[in-house]
Amino acid sequence: MSINNLPTPEDEPDERLVEQALCAALRPVARPMSRAQIDQVVALAAQRASIFPVWVILAWALLLGGLAYAGVSLPGLPDPVRTLAVALPASNLIAAPIASLAIIIRRRKPND
Amino acid sequence: MEPSSDPKGNVDPPELIAGLVQGQAQAWQQLCELYGEPLYLYALHRCDGDPHAAEDVRQETLLAAVRAIDHYRAEVPLFGWLCGIARHKAADWRRLSARETRLDDDREPTCNGYAQNEAAAWPLSSVAPAPGLIVENGETRAAVVEALWSLPADHRQALIHRYLRGESVETVSAFLNRSYKATESILSRARQAIRKRIVEYTEHVDK
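Chains as they are written, first to last, in the numbering used here: chain W, 420 to 531; chain P, 813 to 1019.
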């Protein structure tokens, strides 16, 4: 503990000011949050936590697009486009167009 | 339950912040229990003492905090960060309120929330602020609330017990389980922090 932190006679105005400031700031009676209000906050937090991060969806879409462009098929599936079958439902909206585009580009190449 | 300040002086436990970022229900519930009431007081002072507006601002602040928690950096105390959001929400309320007042010229003037609360005033202390002091300003009162809940828990408790409940330093030291000298030191540092915040705010307003 530093000697500088000990109260001195000069602290007196500080004490008065702090006392008045605290009394004024804490004078109204605070209302606690209701159960419904807390539940609303908690529910929103849980909802946001369950959403896939955007970077995961984009990475998945790029991977599928790359596989489709390279002509990779999953075992037992004849067409690269079936690669999309493994896409998660949440990421299909992004993955499907990228993979389809990759297949179209690949099929237009003359020597492929 | 009050958060205990760690030896490094951090106000908010790192595990609480980690839980909030991960969207853990328990962490968000703890946040509501810790800061719900002071956030209401902060909003109340920012909303001209209107209790309904204060409740709305508090709720909107916490919902906005859920959406923005990924951007929180622990450079400022969590309560200070919440107050930053609440400040904007209260400003929105004030703008909307002013517009409604202009549109409704015939409306009877409503009772000021501070006046309504006057009957419930001073539940903890008999010391009333002198008229004309800067703490009479609602925004300064809000700044004091922000400063108080941005302090480590033991500093905040020391101030409340000493100056609001009027307890002696000996009683406060027994409550905190600290020596007399250590308690005096805590009180001194806490006073300086509050005073600094008031001065900073006053200078900010003057500019």
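Glycine residues also receive a C-beta, built at the ideal position from the N, C-alpha and C atoms.
Note that the structure is predicted; figures quoted are calculated from it, not measured.
Around the C-beta of residue 1009 of chain P, are 16 or more other C-beta atoms found within 10 angstroms, so that it is buried, or is it exposed?
Position 197 of the second sequence, counted from the first residue, corresponds to residue 1009 of chain P. Within a 10 Å sphere around the beta-carbon of residue 1009 of chain P sit 16 or more other beta-carbons, which makes this residue buried.
Verify whether the separation of the beta carbon atoms of residue 958 of chain P and residue 891 of chain P is less than 8 Å.
Position 146 of the second sequence, counting from 1, holds the residue named residue 958 of chain P. Position 79 of the second sequence, counting from 1, holds the residue named residue 891 of chain P. Cβ atoms of residue 958 of chain P and residue 891 of chain P: closer than 8 Å.
For residue 1013 of chain P, I'd like the list of residues in its chain whose CB is within less than 8 Å of its CB, leaving aside the five on either flank, ordered along the chain.
The count along the second sequence starts at 1 and reaches residue 1013 of chain P at position 201. Closer than 8 Å at Cβ, skipping near neighbours: 951, 952, 955.
When you compare the CB of residue 953 of chain P with every CB in chain W, is at least one pair closer than 8 Å?
Taking the first residue of the second sequence as 1, we reach residue 953 of chain P at position 141. Yes - at least one Cβ of chain W is within 8 Å of the one on residue 953 of chain P.
CB residue 483 of chain W to CB residue 517 of chain W, shorter than 8 Å?
Within the first sequence, the letter at position 64 stands for residue 483 of chain W. Within the first sequence, the letter at position 98 stands for residue 517 of chain W. Against a cut-off of 8 Å, the Cβ pair of residue 517 of chain W and residue 483 of chain W comes out as a contact.
Identify, in the order they occur along the chain, each residue of the same chain with its Cβ nearer than 6 Å to the Cβ of residue 881 of chain P, setting aside the five sequence neighbours on each side.
The count along the second sequence starts at 1 and reaches residue 881 of chain P at position 69. Within the same chain, residue 881 of chain P has close Cβ partners 832, 833.
With distances taken between CB atoms, is the gap from residue 975 of chain P to residue 982 of chain P smaller than 8 Å?
To locate residue 975 of chain P, count along the second sequence from 1; it is residue 163. To locate residue 982 of chain P, count along the second sequence from 1; it is residue 170. It is not a contact, given that the beta carbons lie outside the stated cut-off.
At the 8 Å Cβ level, is residue 475 of chain W part of the contact set with chain P, yes or no?
Translated into positions along the first sequence, residue 475 of chain W becomes position 56. For residue 475 of chain W, the answer is no, since every Cβ of chain P falls outside 8 Å of its Cβ.
Measure the CB-CB distance between residue 445 of chain W and residue 988 of chain P and report whether it falls below 8 Å.
Position 26 of the first sequence holds residue 445 of chain W. Position 176 of the second sequence holds residue 988 of chain P. No; because the gap between Cβ atoms is not below 8 Å, this pair is not in contact.
Under the rule that 16 or more other beta-carbon atoms within 10 Å means buried, what is residue 943 of chain P, buried or exposed?
Here residue 943 of chain P refers to the residue found at position 131 of the second sequence. At residue 943 of chain P the pLDDT is 41, less than 50, meaning the model places this residue with poor confidence; the figure from the coordinates comes in the next sentence. With fewer than 16 other Cβ atoms within 10 Å, it is exposed.
Under 8 Å, Cβ to Cβ, is there at least one residue of chain W near residue 841 of chain P?
Working through the second sequence from its first residue, we reach residue 841 of chain P at position 29. Chain W contact via Cβ: present.
Could you pull the start and end residues of the alpha helix (DSSP H) that residue 900 of chain P belongs to?
Position 88 of the second sequence, counted from the first residue, corresponds to residue 900 of chain P. Counting along the chain, the alpha helix (DSSP H) containing residue 900 of chain P begins and ends at 890–915.
Please check if any C-beta of chain P sits within less than 8 Å of the C-beta of residue 454 of chain W.
As a first step, residue 454 of chain W is located in the first sequence; it is residue number 35 there, counting from the start. No, its Cβ sits nowhere closer than 8 Å to a Cβ of chain P.
Going along the chain, which unbroken runs of the alpha helix (DSSP H) with 4 or more residues stay wholly within the stretch 428–491 of chain W?
430–444, 454–468, 473–488
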